[in-house]
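First residue of the sequence shown? That's 1 in full-length UniProt numbering, and the numbers climb one at a time after it. Think of the CB as a built atom: it goes at the ideal place given N, C-alpha and C, for glycine as much as any other residue. The structure appears right after this line, and notes come after that.
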Amino acid sequence: MNVMMKSIIKQVALIFVLTTLLFACKEDEYYTDGGRAEAVFDGTIMDYLDAKPREFDTIAQIVRLAGLEDKFTNEEFTFFAPRDEDIKQLIGSFTAGGLNAQLYALGLDTIKVLSDVDPVIWNFYLHRHIFNGKNKLADYPQVDYSLMNVYGGQYYQSQGDAVCNIGVVFNDAISSDGKSVLRYMGYRQLHMAYISDLSNPDVYGGVAITSSDIQPHNGVIHVLDYTQTEFGYRNVHIGADIIQSKR
């Protein structure tokens with residue numbers, strides 16, 4: 001009986017701590033790499049990209065080259081933002097792999113500056129990351145990649161040609177000693193998965209959102225984990241288009 005009572009007390013204590021933490025966090029707070037930050041940004045989506053040059057200097061340049069600066073300033077949408085690292089990985093170099101290595105091997109002009117890529121291509125693949133409306137984490141359903149028949153997220157069409165499964169992973173709450181686990185009571189993290197083959201929509205890999213619910217005046221930004229994703233979700237797609245444009 002004493003053992004059972006101790007277990008119940010631990011469970012109640014854990015629930016109390018979690019409830020306290022949940023109410024201590026305001027609704028408009030979000031988490032970036034484990035740290036709390038201010039979600040509301042006093043400016044447009046374009047302004048936000050310009051204000052974060054370490055993460056988005058290259059992305060901001062591509063937005064302008066694609067002729068989308070006005071859209072990112074005035075239109076309302078949700079942006080699943082790639083980071084500069086995704087462009088660096090895409091382009092690479094003729095000695096270290098990536099698209100430039102392929103262009104060099106084919107005897108085609110390599111990419112020296114971002115404007116060496118047809119702006120129509122930049123425009124097309126940026127639209128894969130743009131979704132209608134203003135959707136925060138709380139607007140998406142739960143997803144559990146081990147239990148998709150119950151918590152399957154939801155499919156969304158981007159403003160481009162991308163269909164993605166988007167959902168919120170409800171992590172478990174685990175006590176410090178690892179002995180008590182509350183299913184789905186831990187922190188929640190937004191995930192998305194690009195569906196590359198619509199005839200086989202159940203095969204994909206989910207990408208974590210490292211920073212969610214960033215709220216400029218004209219939309220919502222969710223920042224993709226650059227270590228798990230690629231610009232336009234598939235380097236092979238944009239790479240093929242760039243190679244074809246240079247033939």
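For residue j and residue i, believed in contact at Cβ under 8 Å, the rounded distance
i           : j           : result
residue 171 : residue 189 : 7 Å
residue 195 : residue 163 : 5 Å
residue 134 : residue 220 : 5 Å
residue 40  : residue 215 : 5 Å
residue 56  : residue 86  : Residue 56 to residue 86, Cβ: 11 Å. No contact.
residue 90  : residue 230 : 7 Å
residue 159 : residue 130 : 4 Å
residue 155 : residue 238 : Going by Cβ atoms, the distance from residue 155 to residue 238 rounds to 22 Å, so no, they are not a contact pair.
residue 165 : residue 193 : 5 Å
Where residue i falls: helix, strand or coil (DSSP)
i           : result
residue 173 : strand
residue 247 : coil
residue 61  : helix
residue 188 : strand
residue 182 : strand
residue 195 : coil
residue 156 : strand
residue 26  : Low per-residue confidence applies at residue 26: pLDDT is 40, beneath 50, and the placement is therefore not dependable, though the value from the model is reported in the following sentence. Three-state DSSP puts residue 26 in coil, outside helix and strand.
residue 20  : The predicted model places residue 20 with a pLDDT of 44, which falls under 50 and marks its position as unreliable, so this point remains unresolved.
Residue burial classification, residue i (beta-carbon count within 10 angstroms, cutoff 16)
i           : result
residue 167 : buried
residue 115 : exposed
residue 24  : Its pLDDT being 40, under 50, residue 24 is placed unreliably in this model, and the value from its coordinates should be taken loosely. Under this definition residue 24 is an exposed residue.
residue 197 : exposed
residue 179 : exposed
residue 184 : exposed
residue 46  : buried
residue 247 : exposed
residue 100 : buried
residue 148 : exposed
residue 128 : buried
residue 218 : buried
residue 232 : buried
residue 205 : exposed
residue 213 : buried
residue 211 : buried
residue 117 : buried
CB contact check: residue i to chain B, cutoff 8 Å
i          : result
residue 87 : Going by chain labels, chain B is absent from the structure shown, which holds only one protein chain.
### Query
Between the region 94-108 and the region 66-77, are three or more C-beta pairs nearer than 8 Å?
Proximity of the region 94-108 to the region 66-77 falls short of the contact definition, fewer than three beta-carbon pairs being nearer than 8 Å.
### Query
Quick one: complete alpha helix (DSSP H) runs, 4+ long, within the region 65-136?
69-74, 84-91, 99-105, 119-126
### Query
Unbroken alpha helix (DSSP H) runs of length 4 or more, entirely within the region 203-238: which are they?
none
### Given 8 Å, three or more beta-carbon pairs between the region 88-97 and the region 59-73
Short answer: they don't touch.
### Message
Does the structure place the region 79-93 close enough to the region 215-230 that three or more beta carbon pairs sit under 8 Å?
### Response
yes
### Three CB pairs or more closer than 8 Å across the region 232-247 and the region 139-155
no
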